Structure formats: C-alpha cells, structure tokens
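Notes for the one structure printed next.
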Amino acid sequence: MTNEKKSTPKTTRNLVKKAPEKIVAHALNTAISTVEKAAVTDVKRTAKRAQRTEMKLEKAKKAATAAKKDAKRATGFSATIEKMEVKEAPTRKIKEKIKEIITPEKTETFYYDRRQLFVLTVFYALIAGFVFLIAQTAYISCFCFGPILKTFLLITEVLIIAALALTVFVLVFPQKLAVITKKDIKIDHNAPLKWEDVKEAEEKYTSYLTRRPLIALHLKENALKNYRLTFMQHLCKSNIFTPFSIPMYAMRPEDAAQIRALIKKHAKYIDNRD
Numbered sequence: 006m007t008n009e010k011k012s013t014p015k016t017t018r019n020l021v022k023k024a025p026e027k028i029v030a031h032a033l034n035t036a037i038s039t040v041e042k043a044a045v046t047d048v049k050r051t052a053k054r055a056q057r058t059e060m061k062l063e064k065a066k067k068a069a070t071a072a073k074k075d076a077k078r079a080t081g082f083s084a085t086i087e088k089m090e091v092k093e094a095p096t097r098k099i100k101e102k103i104k105e106i107i108t109p110e111k112t113e114t115f116y117y118d119r120r121q122l123f124v125l126t127v128f129y130a131l132i133a134g135f136v137f138l139i140a141q142t143a144y145i146s147c148f149c150f151g152p153i154l155k156t157f158l159l160i161t162e163v164l165i166i167a168a169l170a171l172t173v174f175v176l177v178f179p180q181k182l183a184v185i186t187k188k189d190i191k192i193d194h195n196a197p198l199k200w201e202d203v204k205e206a207e208e209k210y211t212s213y214l215t216r217r218p219l220i221a222l223h224l225k226e227n228a229l230k231n232y233r234l235t236f237m238q239h240l241c242k243s244n245i246f247t248p249f250s251i252p253m254y255a256m257r258p259e260d261a262a263q264i265r266a267l268i269k270k271h272a273k274y275i276d277n278r279d
C-alpha cells in the first residue's frame with residue numbers, strides 16, 4: 006500500500022511534464038499535415054492547369070494542321086479550275102464558232118422606200134424639164150449671150166440630170182439604207198459605226214417647214230477620228246444631219262418604227278420632235 010501511494014505522485018508529475026511536449030508535437034504535426042495537404046493541392050492544381058494547357062496546344066496544333074490541309078485543298082482546287090479553264094478555252098472557241106455557224110448573228114437590213122423614190126424621180130424630172138425649157142427659151146429669145154448665165158444654166162442642167170439618173174438607178178436597183186448588227190450600224194456606203202462609240206441617238210425634224218424626221222447619231226469625244234469619212238459626211242459634219250444620220254423620211258413607216266426600236270436597244274435615245 007505504501008509503495009502504491011508513493012508511485013502515484015511521481016506518475017502525475019511525469020504526466021504533467023510530458024503534457025506540453027505532446028501539445029507542441031500535436032501542433033507541429035497538425036501544421037505539417039496542413040502544409041503538406043496545401044502543397045499536394047497546389048501540385049494537383051498545377052498539374053491540371055498544365056494538362057489543360059497541353060490540351061489547348063494539341064487543339065491548336067490540330068486546327069493549324071486542318072487549316073494547312075484546307076489551304077492546300079483550296080490551292081489545288083483553284084489550280085485545277087485554272088487548268089480546266091485553260092483546257093476549256095479552245096473548246097469554248099470551237100463551240101462559239103459552231104454556234105455562229107448554226108445560228109449566225111442576226112443582221113437587220115433596211116432599204117430606201119421605193120414609193121418615195123418614185124415621187125422623188127418624178128420631182129427631179131419635172132425640175133429638169135422646167136430648167137431645160139427655161140434654157141431653150143433663153144437661147145431662142147437671144148437673152149443668153151452672157152457666158153456667165155450660159156455656164157450657170159449648163160451646170161444646173163447637168164446637176165439635175167445627174168440627180169435624176171441617180172434616183173432612177175436607186176429605184177431600179179434598191180440600195181441599202183442601213184444594216185444593223187449587235188456590234189455596229191452601217192449607213193449607206195459609210196464605214197460601219199460601232200455602238201460603243203455612240204454617245205446618244207437624237208430623233209428630230211430636218212426643219213419646221215418640211216418636218217421630215219431623221220435620227221442623228223452623236224459620237225463620243227474623240228471617237229470620230231477612228232472613222233474615215235466620205236465627202237458627204239464631211240459636208241454634213243457641221244449641220245443638222247451630222248456625219249452619221251438615218252433619214253427616216255426615206256423609209257417605210259413600219260421600217261422606221263423597227264429601226265427606231267433597234268437603236269433604242271443599243272444607244273441612249275432622245276426624241277426632240279416636239
């Protein structure tokens with residue numbers, strides 16, 4: 006009994022001495038475990054971030070590879086198209102030639118109205134007869150001794166007879182007034198006028214007295230120098246007819262309406278007949 010009582014205080018003392026050491030050890034263990042857990046968590050997060058970055062890099066590499074493939078395909082496709090176009094060019098020309106042979110370009114041809122030419126022939130014949138009658142009367146009456154008057158009458162007779170002869174020729178052998186295609190228009194015996202050089206077409210009357218309609222074709226700036234003009238075109242360059250004009254009064258009404266509609270398709274049209 007005595008030994009047990011003696012040992013109890015010693016044990017208590019030892020326990021009291023060891024208590025702070027345990028507390029410190031527990032605190033240290035807890036701190037160390039907390040730090041270790043935090044370090045492990047950081048390592049895991051860093052690993053996940055690195056894994057995500059690697060995945061993004063792989064996706065970017067795949068996208069870049071796909072883009073390169075698409076670029077190669079596009080380049081190859083464009084090159085193939087170019088090769089096909091080069092190969093098809095001769096074939097296309099052959100097709101166009103065959104099309105021209107099978108369905109040639111439509112050409113519209115218009116002639117002078119024979120009825121009006123007949124009236125004009127009669128008119129010139131009457132003038133020629135009247136001038137000849139005046140000349141013969143002057144010769145018989147001896148009023149024409151002056152060389153100037155004699156020359157004037159002779160020139161007048163020759164010009165009227167020439168006009169009458171030309172009118173009869175056109176009446177017997179119909180002459181083309183205009184030939185229209187998609188590319189150009191040819192008036193009388195003038196050089197073909199390209200539609201691309203026509204600025205506008207103006208329909209108007211020759212004068213307020215006669216009121217004979219015509220279509221004057223006005224050319225673009227500096228386009229006239231590309232054409233070789235006839236003598237009559239040089240004369241008409243500065244008057245109401247212009248170098249290129251269509252005398253609507255010398256055509257049949259139905260032909261005049263048709264040529265008016267065709268010109269409206271190829272050029273700007275202005276009607277100044279009011």
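In the working numbering, the protein residues as written are 6 to 279.
Ideal placement from N, C-alpha and C gives every residue a C-beta, glycine not left out.
Note that the structure is a prediction, hence the values are computed from the model and not measured.
- Taking C-beta atoms as the reference points, glutamate 208 and lysine 273 fail to come closer than 8 Å.
- Looking from the CA of leucine 164, the closest CA among Ile132, Leu176 and Val184 belongs to Ile132.
- In the three-state reduction of the DSSP assignment, proline 252 falls in the strand class, which pools E and B.
- Residue pairing from DSSP places isoleucine 220 in a beta bridge opposite Glu208 and Ile251.
- In the DSSP assignment, the residues bridged to leucine 198 are Ile190.
- DSSP places lysine 225 in the coil class of the three-state scheme, outside both helix and strand.
- Excluding residues up to 5 positions away in sequence, Ala133 lie with their Cβ nearer than 7 Å to the Cβ of isoleucine 166 in the same chain.
- A direct Cα-Cα distance of roughly 17 Å separates valine 175 from methionine 253.
- DSSP places phenylalanine 236 in the helix class (H, G or I) of the three-state scheme.
- Selection Leu219, Thr46, Phe137 and Asp118 evaluated against glutamate 162 yields Phe137 as nearest (Cα-Cα).
- Excluding sequence positions up to five before and after lysine 191, its CB lies within less than 6 Å of the CB of Val184 and Pro197, all in the same chain and listed in chain order.
- Contiguous beta strand (DSSP E) elements confined to the segment 157-192 occur at 181-185 and 189-192, taking only those with 3 or more residues.
- Lysine 42 and valine 48 have their alpha carbons spaced roughly 10 Å apart.
- Check the Cα spacing between lysine 270 and each of Val203, Met237, Leu219 and Leu240: the tightest is with Val203.
- Judged by DSSP in its simplified three-state form, isoleucine 275 adopts strand.
- In the structure shown, phenylalanine 137 adopts helical secondary structure according to DSSP, grouped into three states.
- Around the beta carbon of alanine 69, fewer than 16 other beta carbons sit within 10 angstroms, so the residue counts as exposed.
- Rounded to whole angstroms, alanine 52 and alanine 32 show a C-alpha spacing of 30 Å.
- Of the other Cβ atoms in all chains shown, fewer than 16 fall within 10 Å of the Cβ of leucine 214; this residue is therefore exposed.
- In the DSSP annotation of this structure, threonine 112 is not part of any beta strand (DSSP E), being labelled neither H nor E.
- Between the beta-carbon of phenylalanine 115 and that of leucine 222 there is about 15 Å, and that puts the pair past the 8 Å contact cut.
- Rounded to whole angstroms, the gap between the alpha carbons of histidine 194 and serine 250 is 12 Å.
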